[in-house]
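Okay, so here's the structure we're looking at.
2 protein chains.
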Amino acid sequence: MTDDEAARARALDAAEELFYARGVQAVGMDAVRNASGLSLKRLYQLFPSKEALVLQFLRRRDERWRQALARHVDTRTSPDERLLAVFDWLHAWFREPGFRGCAFINSFGELGGVSADVAEQARHHKQAFRDYLADLVAASGLPSDLADQFLLLAEGAITTAAITGTAVPAVHARTAALALLRAQARNHRADPAVGPR
Amino acid sequence: MTDDEAARARALDAAEELFYARGVQAVGMDAVRNASGLSLKRLYQLFPSKEALVLQFLRRRDERWRQALARHVDTRTSPDERLLAVFDWLHAWFREPGFRGCAFINSFGELGGVSADVAEQARHHKQAFRDYLADLVAASGLPSDLADQFLLLAEGAITTAAITGTAVPAVHARTAALALLRAQARNHRADPAVGPR
DNA sequence: AGCGAAGGAGAACGACCGTTCTCAACTGGG
DNA sequence: CCCAGTTGAGAACGGTCGTTCTCCTTCGCT
Numbered sequence: 000m001t002d003d004e005a006a007r008a009r010a011l012d013a014a015e016e017l018f019y020a021r022g023v024q025a026v027g028m029d030a031v032r033n034a035s036g037l038s039l040k041r042l043y044q045l046f047p048s049k050e051a052l053v054l055q056f057l058r059r060r061d062e063r064w065r066q067a068l069a070r071h072v073d074t075r076t077s078p079d080e081r082l083l084a085v086f087d088w089l090h091a092w093f094r095e096p097g098f099r100g101c102a103f104i105n106s107f108g109e110l111g112g113v114s115a116d117v118a119e120q121a122r123h124h125k126q127a128f129r130d131y132l133a134d135l136v137a138a139s140g141l142p143s144d145l146a147d148q149f150l151l152l153a154e155g156a157i158t159t160a161a162i163t164g165t166a167v168p169a170v171h172a173r174t175a176a177l178a179l180l181r182a183q184a185r186n187h188r189a190d191p192a193v194g195p196r
Numbered sequence: 000m001t002d003d004e005a006a007r008a009r010a011l012d013a014a015e016e017l018f019y020a021r022g023v024q025a026v027g028m029d030a031v032r033n034a035s036g037l038s039l040k041r042l043y044q045l046f047p048s049k050e051a052l053v054l055q056f057l058r059r060r061d062e063r064w065r066q067a068l069a070r071h072v073d074t075r076t077s078p079d080e081r082l083l084a085v086f087d088w089l090h091a092w093f094r095e096p097g098f099r100g101c102a103f104i105n106s107f108g109e110l111g112g113v114s115a116d117v118a119e120q121a122r123h124h125k126q127a128f129r130d131y132l133a134d135l136v137a138a139s140g141l142p143s144d145l146a147d148q149f150l151l152l153a154e155g156a157i158t159t160a161a162i163t164g165t166a167v168p169a170v171h172a173r174t175a176a177l178a179l180l181r182a183q184a185r186n187h188r189a190d191p192a193v194g195p196r
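First to last, the protein sequences are chains A and B.
Going by numbering that gives the first Met the number 0, 179 is the number at position 180 of the first sequence; the sequence numbering is gapless.
Going by numbering that gives the first Met the number 0, 140 is the number at position 141 of the second sequence; the sequence numbering is gapless.
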């Protein structure tokens with residue numbers, strides 16, 4: 000039934016907003032009820048438990064986050080520009096109102112020690128992000144070690160931006176990424192496709 | 000009274016182990032009571048509330064964490080080696096049993112949206128860490144931008160190590176830091192004091 | 001029109017949590 | 001030896017949370 004689909008979407012919209020803003024445990028099912036406009040009965044017939052709702056929230060957020068990133072990266076054509084576009088997208092994300100870091104890092108910190116499923120979701124998300132970076136790095140003809148280094152810059156920028164409440168870490172990450180890219184090009188590649196900024 | 004001091008230490012020891020391993024909200028005061036061997040009455044006469052206990056736990060962990068880092072860095076003499084020693088220390092930290100990332104990032108994710116004091120503690124800790132890196136970078140005669148970049152590498156390594164459960168992010172971070180350091184030296188400095196690895 | 005299934009609003013329930021209280025055991029000073 | 005004060009063990013209290021239940025309305029179908 001497509002009606003269930005719509006209700007599911009509304010429930011997940013409300014859950015995402017609340018869980019991300021306040022943390023999972025600080026949000027009761029009553030708050031999800033109020034924010035979604037769904038009754039508790041309907042909520043529990045769509046999701047068997049709060050934990051199931053949390054896991055679905057994480058799954059959907061993972062997909063949407065990576066799609067949004069890929070969409071932005073796909074506006075660039077040169078391999079090196081595509082790589083750097085990751086950090087531009089992070090910068091835009093950090094500036095969004097209500098930005099409070101990575102939902103997976105936050106959920107892992109809150110529940111990773113107590114829920115194996117949440118920890119698994121966080122691992123999956125970060126693994127997928129790393130794989131995506133590895134593809135971009137490979138398309139630039141760079142060694143895969145750079146993917147791990149870019150991953151660290153991105154992750155560090157996310158948490159630093161969240162805690163300090165500013166978007167500048169994205170700029171620092173981009174600068175560092177560019178320096179690493181150039182250093183690598185100087186050592187092992189013909190010509191960097193990206194000139195000095 | 001020195002008796003209170005000892006009891007405080009035991010309470011904080013228990014709280015730190017439990018909060019760090021399972022998250023703050025998943026640990027009740029009863030668990031702290033059992034783990035510390037203190038009675039609830041004593042606990043509440045030492046700390047007026049759970050929130051006070053949480054904040055003290057964070058304060059003490061901040062101090063100890065930075066002291067441990069500084070102690071390790073102080074085993075090195077050359078400025079560049081001291082800078083890289085940060086990542087060696089991270090590597091050792093990541094390998095400790097029960098490592099579960101940065102207590103401040105975790106607490107920020109769990110409570111930062113709901114407790115201004117916890118958010119403030121996280122900000123303070125990260126600011127102090129950045130200041131420390133800035134000192135090391137300045138001692139190496141490097142521009143302060145590098146401090147921000149090293150901070151991102153370190154933060155990224157911490158969360159990536161926590162979520163993936165391995166210590167290798169420290170190695171990647173160190174490699175990236177070394178590359179950034181050399182690139183900077185090539186541009187603006189006389190001679191890097193650190194040869195090829 | 002009448003009936004049965006479904007849904008909404010919210011009360012109810014059992015569990016748990018932070019905090020306080022009870023009460024008995026223990027302490028040290030007169 | 002006794003008593004006032006402190007402490008420990010854990011029961012008790014008020015509140016909240018996840019989940020279920022009740023009761024009433026609504027709605028589609030014949």
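Backbone N, C-alpha and C define an ideal beta-carbon position, used for all residues, glycine too.
No experiment lies behind these values; they were computed from the predicted model shown.
Consider the Cβ of residue 107/B: report whether some Cβ of chain A lies at a distance smaller than 7 angstroms. yes
Contact check, residue 45/A vs residue 6/A, beta carbons under 7 angstroms: yes
Is any beta-carbon of chain B found at less than 7 angstroms from that of residue 171/A? yes
Enclosing alpha helix (DSSP H) for residue 121/A [first to last residue]: 115-138
For residue 84/A, count neighbouring Cβ atoms within 10 angstroms of its own Cβ and tell me buried if that reaches 16, exposed if not. buried
How about residue 160/B and residue 93/B: do their beta carbons lie closer than 7 angstroms? yes
Which of the three DSSP states is assigned to residue 73/B in this structure? coil
Does DSSP classify residue 95/B as helix, strand or coil? When secondary structure is reduced to three states using DSSP, residue 95/B falls in the coil class, being assigned neither helix nor strand.
Cβ separation of residue 171/A and residue 147/B, assumed to be a contact under 8 angstroms, to the nearest whole Å: 4 angstroms
Could you list which residues in chain B have their beta carbon closer than 8 angstroms to that of residue 21/A, in chain order? 112, 113
Are the Cβ atoms of residue 205/A and residue 18/A separated by less than 7 angstroms? No statement about residue 205/A is possible, as the shown extent of chain A runs from 0 to 196 and does not include it.
I'd like to know if residue 120/A contacts chain B, where contact means its C-beta is closer than 7 angstroms to some C-beta of that chain. no
Do you know how far the Cα of residue 71/A is from the Cα of residue 136/A? 16 angstroms
Three Cβ pairs or more, each shorter than 8 angstroms: is that satisfied between the stretch 137-145 of chain A and the stretch 109-128 of chain A? no
Leaving out five residues on either side along the sequence, give the residues of the same chain with a beta carbon under 7 angstroms from the beta carbon of residue 41/B. 6
Contact with chain A by residue 147/B, beta-carbon distance below 7 angstroms: yes
Let me see if you follow: with CB-CB separation under 7 angstroms, is residue 140/B close to chain A or not? No, no contact with chain A.
Residue range of the alpha helix (DSSP H) that includes residue 146/A: It spans 144-163 - the alpha helix (DSSP H) in which residue 146/A sits, taken as one unbroken run.
Does the beta-carbon of residue 51/A have 16 or more other beta-carbons within 10 angstroms, so that it is buried, or is it exposed? Note on residue 51/A: under 16 other CB atoms within 10 angstroms of its CB, so exposed under the neighbour-count rule.
Where residue 8/B and residue 35/B are concerned, what is the direct C-alpha to C-alpha distance, given to the nearest angstrom? So the alpha carbons of these two residues sit roughly 9 angstroms apart.
How close, in whole Å, do the beta carbons of residue 169/A and residue 156/A come, if the pair is a contact with beta carbons under 8 angstroms? That belief holds up - the Cβ atoms of residue 169/A and residue 156/A are roughly 5 angstroms apart, short of 8 angstroms.
Taking the beta carbon of residue 106/B as the centre, do at least 16 other beta carbons fall within 10 Å, making it buried, or is it exposed? buried
Taking the Cβ atom as the reference point for each residue, do residue 149/A and residue 176/A lie within a distance shorter than 7 angstroms? yes
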